[in-house]
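Single-structure report; data block below.
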Ligand SMILES: C[S@@+](CC[C@H](N)C(=O)[O-])C[C@H]1O[C@@H](n2cnc3c(N)ncnc32)[C@H](O)[C@@H]1O
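In full-length UniProt numbering, the protein residues as written are 1 to 688.
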């Protein structure tokens, strides 16, 4: 590859080619909605990525509306063949118990092949003062880069070098011109979009005021297909957009004597046929948004999110890494002001999961939204952290990097095979402060507790990462949305009970999922608030993301749920995610049962022997005096807790603990106080 070509790749990606029908079609397809979703997507089009970003930043400054939770480029459509038809409904596969328990992996670390089309990010305009995260002082001008690109690249890095760059460009002399230019661009985009909408209307027989959406006779549903005919995707799509238009302006556009429910039912049916969702999941996801936005969400699930890598600051610096990859012909740029370690990869002639830098552990492939729970956790150096469901380790290794390999992390995963993958990543990235364990995390407060911070990145349905795993569209059933929240609730209580409320530096719990359903998020958080009055929700510290629901479909949640954050593919071009942060304010009250390793939830509420977090609140001197090599815990006390837990569990099963003890002694010659769990615990502690 010649220098010229390489240099060409270094700059921001070129704007989408006007001649491609795909762009137009994408615009046409966004129905104008009351909430402006369609409009947002249209107006985000136009200038090249970075210059667009800079201009938009300037405009935002001009208007004084640089909204922190409204990324200026968030709604930019992906450039991955927007014409692509949605994936057909996947063939239903039988899911093994293990797969079910594993649930979603929100990291791409196992991807080892090269890049093909990579979407344009909406991330780079997100703002934050991520002061906690260090960046480096790599001088880009010293590189072997040909001058012609330096200008572009300086812009590309301006956010690191000088946050005020964009504002400096905006001065009294050019403010008016820039503003006018932006207005013009916006006007052009809107006119284009309008024309295309009209054109779309004319292409069908529904041109006119009242689109024909409702199908009277199912047998004659040409668009939706019959038992013998494949669905007509183009017609289906048009009907979907028309239904959304009607629902957005019902009094004017609906046919006479037709109800909203009829239109909604038809729309849902068409969504299922077009995108391949089960009716159950389509409805669940549809209900999260106004119709127009739901459409944007379903659309976003058809294109992959941008590929992102996280610099491993234990081994490299972002600029140094970027330079090394640029030299290999990789086109990349920082993901945005909100992260100083993320790089978005646009194009690469080499497999990004097999470069020498990758193998040397200078970076990890990690979805952008997967940074967020760790940023919310905000681990401090020398702390003791528990990552309850850690494999394959994207978040664990980020925590280790933020802690600069100090303190101690317990990285746990119930799945042994996945825990091995976690070990691999830990080694590759040079993490030295982490102990990998393989417990059911429900056991945790009885294995070790007293952590400064706990991350529970819970197993979930993966409705936020459908673009990565389309099987979610059909393989999640009603049962999953009962089973998973049930597990998540118990895991969250275990997370809370594992934290030291008296931690001098922490006392925080972060609960996150890569799912967007309310059952797995707000409802789980609300359950924890109900069961543990010794925690409260606090700000995640994340500067963007939508507030969590405080009410949803007749359910009302605590007002503090607005401290939680939701992320969607169609708003920030990131995987769907949910992040919440709790502060533990006191010991678990006596009437609450410390989360136990019960096989059923009843144990939590009906245990005869209650386990109470008796951790006293100590003064600083007492804490210091108490602290042993690992922040202070009492082995005798833990053994006692474990024994009592075990006895309670046996009694509940109707067995006599004494008889079992005798049996255990006779079979392996050891006392049941030295059971597998205690041994594991001892080993773990020794290793630490
Ligand atoms: C969303 S993934 C975690 C991703 C991980 N935090 C990361 O950033 O790489 C959920 C994990 O939970 C694990 N898991 C499921 N049930 C568990 C349980 N009861 N205890 C501990 N881990 C569990 C799964 O094996 C899976 O690795």
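Heads up, the beta-carbon is just placed ideally off N, CA and C, and yes, glycines get one too. Just so we're clear, the structure is a prediction, and the values are computed from it rather than from any experiment.
| Asked | Found |
| --- | --- |
| Integer-rounded CB distance, given that residue 399 should sit under 8 Å from residue 374 | 6 Å |
| CA-to-CA distance, residue 649 to residue 658, given in whole angstroms | 13 Å |
| Contact under 8 Å by Cβ, residue 456 with residue 422 | no |
| Residue 442: CB within 7 Å of a non-hydrogen atom of ligand 1 | yes |
| Residue 256 to residue 453 span [Cα, whole Å] | 58 Å |
| Closest residue to residue 326 among 443, 574, 345 (Cα-Cα distance) | 345 |
| Residue range of the alpha helix (DSSP H) that includes residue 474 | 472-475 |
| N- and C-terminal bounds of the alpha helix (DSSP H) containing residue 397 | 394-402 |
| Three-way DSSP call (helix, strand, coil) for residue 549 in this model | coil |
| Contiguous beta strand (DSSP E) assignments of at least 3 residues, all confined to the segment 510-559 | 535-538 |
| CA-to-CA distance, residue 320 to residue 482, given in whole angstroms | 47 Å |
| Which listed residue (582, 525, 442) has its alpha carbon closest to that of residue 509 | 582 |
| Residue 459 beta carbon near ligand 1 (any heavy atom closer than 7 Å) | yes |
| Cβ shell of residue 214 (< 8 Å), same chain only, five flanking positions each side left out | 255, 258, 262, 263, 266 |
| Element boundaries [alpha helix (DSSP H), containing residue 334] | Unbroken run through residue 334 is the beta strand (DSSP E), 331-334; no alpha helix (DSSP H). |
| DSSP-derived helix/strand/coil call for residue 461 | coil |
| Rounded straight-line distance, which links the Cα of residue 248 to that of residue 471 | 31 Å |
| Proximity test, residue 491 beta-carbon vs ligand 1 heavy atom, cut-off 7 Å | yes |
| Outcome for residue 279 when other beta-carbon atoms lying within 10 angstroms are tallied against a minimum of 16 | exposed |
| Closest residue to residue 692 among 442, 496, 517 (Cα-Cα distance) | The structure shown has nothing for residue 692, since the chain only spans 1 to 688. |
| Which of helix, strand or coil DSSP assigns to residue 185 | helix |
| Continuous alpha helix (DSSP H) stretch holding residue 421: start and end | 416-428 |
| CB-CB length for residue 312 against residue 363, believed under 8 Å | 6 Å |
| Cβ-heavy atom distance, residue 691 to ligand 1, below 7 Å | This structure gives no information on residue 691, because the portion of the chain shown stretches from 1 to 688. |
| Neighbourhood of residue 528 by C-beta, 6 Å cutoff - its chain only, sequence neighbours within 5 removed | 492 |
| Proximity of residue 444 and residue 494 at Cβ, strictly below 8 Å | yes |
| Simplified DSSP state of residue 387, which is helix, strand or coil | strand |
| C-alpha gap between residue 564 and residue 579, whole angstroms | 6 Å |
| Counted within 10 angstroms of its Cβ, other Cβ atoms place residue 351 as buried (16 or more) or exposed | exposed |
| Residue interval of the alpha helix (DSSP H) (run including residue 271) | 260-275 |
| Test item: CB-CB of residue 544 and residue 511 under 8 Å | no |
| Pick from 504, 407, 401, 414 that is closest to residue 371, judged by C-alpha positions | 401 |
| Heavy atom of ligand 1 within 7 Å of residue 418 beta-carbon | yes |
| Closest residue to residue 480 among 465, 460, 464 (Cα-Cα distance) | 460 |
| Presumed contact (8 Å Cβ cut-off) between residue 439 and residue 447, rounded CB distance | 6 Å |
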